Structures are given as C-alpha cells and as structure tokens.
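Written below as structure tokens is the structure these notes are about.
Numbering (our numbering), first residue to last: 183 to 550.
Laid out in structure tokens, this is it:
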C-alpha cells in the first residue's frame, strides 16, 4: 500500500499545483498583463492535468476498491480541473475580445484622424439633450462608415453617463445598432420629446428685461420649435395655449412691451415666429452692460397718466364714462392719445384698432 499511498500523494500534488495556477491567474487584473501570461498558464495547467489523469488511471488499476483514493476524492479532483479549464477559457475570450477591439481602434485611429480631438458632451439621460446628443454622435461616429460597429459601441459607452450606462452596458461588441435603438426608444420617442419640450417651456424662469434673460428665453423657444419640427409637430397650432404660457413667464414690464409689439404689428394671435422676432429685437436693442442700460431706460409712454403703458391700458381712460369726452377734454387724439390736434395727427406710431383696424384706439372700438 505504500506504493498506492505514494501515487495518491502525487495525484493530490498535481491537483494543488493546478489550483495554484488558477489562483495566480485570478490575481492578474490588467488585460495587457493577462495577454502575456494566460497562454503560458494554460499550457502549465494542461501539463498538470495530463499527469493527474495518468497517475489516476495507474492508481485505479492498483486500488480497484478505491480505499486509498476514494470516489469522492476523484470527483473533487475532476471538478477542480473542469472549473480550471472553464476559468482559463473565460480569460482567453477576454483577451481575444480585447485584441479585436484594440485592432479596430487602431485601424479607426488611422482612418479617422480628426475623431479623437472632437469631444461630445456626455449624455446623462436628460431627454431635452437627446436630439442634440444624437445629432453630434451620429455626425462624428454613428454615420462614419470607416468605423466598425464594435468601435462605435465603445464610443457610445464612453459618451454616456448616469442611468444611461445601465441601459446599454450589457450589449456586446457587434450590437451597436441595438444599443443605440434602445436609447432612441427610451429618450427619442415622439411622446418623450413632446413631454420634455413642454417641460422646457414650463420650467423657464420669469423673463426680466436684460440681455441674459432674453437670450436664454429666445434660445429655449428656438430649440423648442426646432425639436418639435423634427417630429412633424406644428407648434403654431398651439398658439392660444402657447401664448398664455409664455406671457405668464414674463415680468410686468416685458408683458407690456410684448403687448405693444403686437399692437404695433397688428398681431392678434402671436405665432412662435412672432415671439422670436420680438425677443431678437429686444436683445439687439438692449445695451450689453447694465450701467448703460440704466442710463437709456425708456421714457414713460402713457400720455394720460405718464406710467409705463400705452393709453389703451390706462386705468383713467378705462374708468371714464365717456372715453371720447375724456380725450376731448384733454385735447388728445383718438388715434394715438398723444397728439393734441386730431386733424393733423399722422399717427406716427402706426397704431390701429385690433378689432376693426380703424384709425382709433382699440379701447374706443365699441363706441365708434
């Protein structure tokens, strides 16, 4: 039995050596280092398996009753080698995929020299930013035929953050189209875009009369219009609701100026283009620095009470029982409520009644 015991010890030695190889391989975290050693470790592991198998067969001939090396010990040894082979194969696949990806990146780095310096703002799951991200990514990477799908997926994963990572992290190298489609379904659907663009407008802060506020307001309205046009939504069909929401987002001063703009332009139902024109003009006319802005404040415009509104909105005129008599007593023109001589007034401000387009203030419509 000494001979058999010796064989048993030799078998256990081969099992332990094989396990040590797996432990050493498991400690290697760098893929580059793994590439250098995985195949060497694989050969050593195979050598120990061959020795183990040879010794086991020899011992089985001697120890037919399996009293020295029991069935349970044999099953444990076989399991150790089977698990080891599976572990090594898994590491080899990692190395193979790494080599494929590395080769593709190297190839594309040569073919797309301008790719690396261009940075895309990472997409973090804000639906308002999806269309912009989609356009940028496809322009640089997605629509570039010189880049393989596995490399496109690498770039996609590198340019998303937050919750978005979880949506595409399980996609494999060749699944770029499916991964991008998953993001499109999540963030680019018609309902999602409409909802996010409505939120864009509802979340606007109150518009004050300064360049920064006006520019921000204008940019958001333009983006709102552009993104909805992309999905064939005509915003101008929403005019009454859209106008009401935007007006509520304006300071008292800006509301007055918008109403005056509509009055001058004979606009009854402002379109989104009218809003853009109004905001652009305000932005262009305002001075850049607040000090100069303070010096150039507009003069009070109401010729009746000298407050910052037009005569149509003057509380004194609204309260008068006879509005015509009220204007005549003060020698004010019914066209503009400013010129003292009605006959000679040429209505330089081009004001007209909103209801009938007649040459009189809108507030006088019902009595003319």
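Using N, Cα and C, we set each Cβ at its ideal position, and we do this for glycine too.
All of these numbers come straight from a predicted model, not from anything done at the bench.
Residue i in three-state terms, based on DSSP
i	result
residue 342	strand
residue 237	helix
residue 543	coil
residue 386	coil
Cβ-Cβ separation, residue j to residue i (assumed contact under 8 Å), whole Å
i	j	result
residue 407	residue 417	6 Å
residue 432	residue 443	That belief does not hold up - the Cβ atoms of residue 432 and residue 443 are roughly 12 Å apart, past 8 Å.
residue 344	residue 306	4 Å
residue 447	residue 494	About 15 Å; that fails the 8 Å criterion.
residue 227	residue 206	The Cβ separation is near 10 Å, so there is no contact.
residue 213	residue 280	5 Å
residue 193	residue 241	7 Å
Residue environment, residue i, which counts as buried when at least 16 other CB atoms sit within 10 Å
i	result
residue 221	exposed
residue 363	exposed
residue 268	exposed
residue 347	exposed
residue 487	exposed
residue 366	exposed
residue 272	exposed
residue 200	buried
residue 352	exposed
residue 445	buried
Alpha-carbon spacing of residue i relative to residue j, whole angstroms
i	j	result
residue 372	residue 465	32 Å
residue 230	residue 283	33 Å
residue 361	residue 188	58 Å
residue 489	residue 378	39 Å
residue 331	residue 359	8 Å
residue 460	residue 435	14 Å
residue 326	residue 427	42 Å
residue 198	residue 252	17 Å
residue 298	residue 320	Confidence at residue 298 is low in this model, with a pLDDT of 46, below 50, so the placement of that residue should be treated as unreliable; the coordinate-derived value is given next. Each residue's Cα considered, the two are about 15 Å apart.
residue 218	residue 202	18 Å
residue 508	residue 387	40 Å
residue 329	residue 354	16 Å
residue 515	residue 414	48 Å
residue 499	residue 453	30 Å
residue 458	residue 491	22 Å
residue 412	residue 506	51 Å
residue 316	residue 211	34 Å
residue 190	residue 225	23 Å
residue 560	residue 540	With the chain represented from 183 up to 550, any question about residue 560 goes unanswered, as that position is not in the structure.
residue 510	residue 409	52 Å
residue 256	residue 308	58 Å
residue 350	residue 324	15 Å
residue 420	residue 484	33 Å
residue 546	residue 497	14 Å
residue 374	residue 390	30 Å
residue 470	residue 462	14 Å
residue 274	residue 216	9 Å
residue 517	residue 423	31 Å
residue 340	residue 392	39 Å
residue 342	residue 303	9 Å
residue 450	residue 322	44 Å
residue 467	residue 542	29 Å
Any C-beta of chain C under 8 Å from that of residue i
i	result
residue 438	Looking for chain C here will not work: only one protein chain is present.
The ligand ZN heavy atom lying under 7 Å from the CB of residue i
i	result
residue 232	This structure simply doesn't include the ligand ZN, nor any ligand for that matter.
Check: Below 8 Å, can you find three or more Cβ-Cβ pairs linking the segment 253-263 to the segment 229-241?
Finding: yes
Note to self: Tell me whether the segment 369-385 and the segment 401-412 touch, counting them as touching only if at least three CB pairs, one residue from each stretch, are closer than 8 Å.
What the structure shows: yes
Check: Three or more C-beta pairs closer than 8 Å, one from the segment 389-399 and one from the segment 335-342: is that the case here?
Finding: no
Next item on the list: Evaluate the contact criterion for the segment 303-314 versus the segment 352-370: three or more CB pairs, one atom per stretch, below 8 Å.
Entry: yes
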